[in-house]
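Let me begin by presenting the structure, written as structure tokens, before commenting on it.
In my numbering, the protein residues as written are 130 to 613.
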């Protein structure tokens, strides 16, 4: 982390910044405390349903090794676009992908769910027509990446728990989304079989496994955060025996964004509480609100507004304010007006001139309002928020290593050993924020020791939602073949 700004800053300003720094500092002891609680919540979620850390069994019972071959369809519904892909698994850790994106209108998001799935089916038909690969006899197998909370009951079945991300289509909650989609495909006479339901995090895990031959954890550090890992079937007491037969492993979708909603160990500050209080889901997704890209800009904005609003330094004449001469801007005063992308831009070039230009062009400030010290303070605040995010991200990674028995808290060896452990990651934070991985690794060393940290190889797993869904469809086809 950079030192406090400008040693020539008046002591009262330095005192306030010192106070902020203390609230964002994470000692090695604190990181280990958070990780220990993470492991405890993992185990609680594996034992019981309806825990805050849902630990959802995905019914995916193996991670690919890169030898798999075949052509499969994959579709991805997660936001403003619906993506249709044809994925050809070529073996030898290689694949090729053809895709097309279709816009999802507000009417489709909020109208009857049959309209939404009928539209999705039409898009699949249009895509196949363009490719010239309309199946006439044997149906094409398809995986559906569906990035909304579902209660998965089989590899190819799951009931929608609730809509998020601005969707509220009627007639979906409580129903099997795979069956709803299949009904629309059948109605449109499109000869495809939707046989696998995939979360984007599971897709990241499977994709990285295909590319490198193994992967212990797939993690998203982007707009949101989540992780999926491979668990021993014997460690999932809440799974009924009939669901567990014939397999000794299962991929678990942790839903770790909800870690510590009860606020036992997370280091929440007044600025985190301000964000949470007026969020759409107060007291939920506590961990996600501290580390994901959706929220980091807002935390930084809350701190900057706090500094702007402080009364002038006592006894200063003319009055000396803590930031921007006490001025703000319309955009700075707007909830989520300080985009998290700005944190990356400021980290890339933290010279006063570059920051001043950014604040004028992106945030509506006037040049004279921004001193060099102000620019330094902005860079420092953004770094504090992002560095805490990266350090807290390490707690989830470390907890998974401990749960999988590769290591003990503090660094003592676990029951299992490996020379290399592949961590598949995706998301804008880990991909674009400068130094995110290095800060995460520093925290990992504090939690699990230097030796174990060195075995973890962090690799990007792009296109997890497409390739991962295709790989799940492959798993489903293999399972069908075994049963028949």
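Glycine is no exception: its CB is placed at the ideal position from the N, C-alpha and C atoms. This one's a predicted model, so the numbers in the text were calculated from it and none came from an experiment.
ask   = Quick check: the stretch 507-526 against the stretch 326-334, are there 3 or more CB pairs under 8 Å?
value = no
query = Can at least three beta-carbon pairs, one atom from the stretch 439-446 and one from the stretch 395-412, be found at a separation below 8 Å?
reply = no
task = Taking 8 Å as the threshold, find out whether the stretch 568-585 comes into contact with the stretch 519-530 through three or more Cβ pairs.
result = yes
key: Cβ neighbour criterion (16 or more within 10 Å) applied to residue 134   = Taking a 10 Å sphere around the C-beta of residue 134, we find 16 or more other C-beta atoms and assign the residue as buried.
task = Compute the Euclidean distance between the alpha carbons of residue 500 and residue 162, then round it to the nearest angstrom.
result = 40 Å
Residue 357 vs residue 314 beta-carbon contact at 8 Å = no
ask   = Are residue 581 and residue 538 closer than 8 Å when you measure CB to CB?
value = Not a contact, by the Cβ cut-off of 8 Å.
task = Please report the residue range of the alpha helix (DSSP H) in which residue 195 lies.
result = It is not in any alpha helix (DSSP H) - residue 195 carries neither H nor E in the DSSP assignment.
task = For residue 140, count neighbouring Cβ atoms within 10 angstroms of its own Cβ and tell me buried if that reaches 16, exposed if not.
result = exposed
message = At the level of alpha carbons, what is the spacing between residue 184 and residue 352?
response = 20 Å
ask   = From residue 218 to residue 155, what does the alpha carbon distance come to, in whole angstroms?
value = 43 Å
ask   = Three or more C-beta pairs closer than 8 Å, one from the stretch 451-464 and one from the stretch 422-438: is that the case here?
value = They touch, by the three-pair rule.
ask   = Going by other Cβ atoms of all chains shown within 10 Å of its Cβ, with 16 needed for buried, is residue 482 buried or exposed?
value = exposed
message = In whole angstroms, give me the CA-to-CA distance for residue 562 and residue 166.
response = Going by the C-alpha atoms only, they are around 27 Å apart.
request  = Compute the Euclidean distance between the alpha carbons of residue 109 and residue 450, then round it to the nearest angstrom.
outcome  = The question about residue 109 has no answer here: the residues shown for the chain are numbered 130 through 613.
Neighbourhood of residue 612 by C-beta distance below 7 Å, restricted to the same chain and skipping five residues each side = Note on residue 612: pLDDT 48, under 50, position unreliable in the model; the coordinate value appears next. Excluding sequence neighbours, residue 612 sits near nothing in its chain.
ask   = Exposed or buried, what is residue 635 when buried is set at 16 or more other beta-carbons lying within 10 Å of its beta-carbon?
value = No information on residue 635 is available, as it lies outside the stretch 130 to 613 that the chain covers here.
Euclidean distance between Cα positions of residue 159 and residue 151 = 13 Å
query = Pick from 137, 300, 261, 491: whose alpha carbon is nearest that of residue 215?
reply = 261
query = How big is the Cα-Cα spacing for residue 130 and residue 512?
reply = Interpretation of residue 130 is limited by its pLDDT of 47, a score under 50 that renders its predicted location unreliable; no figure is taken from the coordinates.
Of the residues 381, 484, 558, the one placed nearest residue 470, counting alpha carbons only = 558
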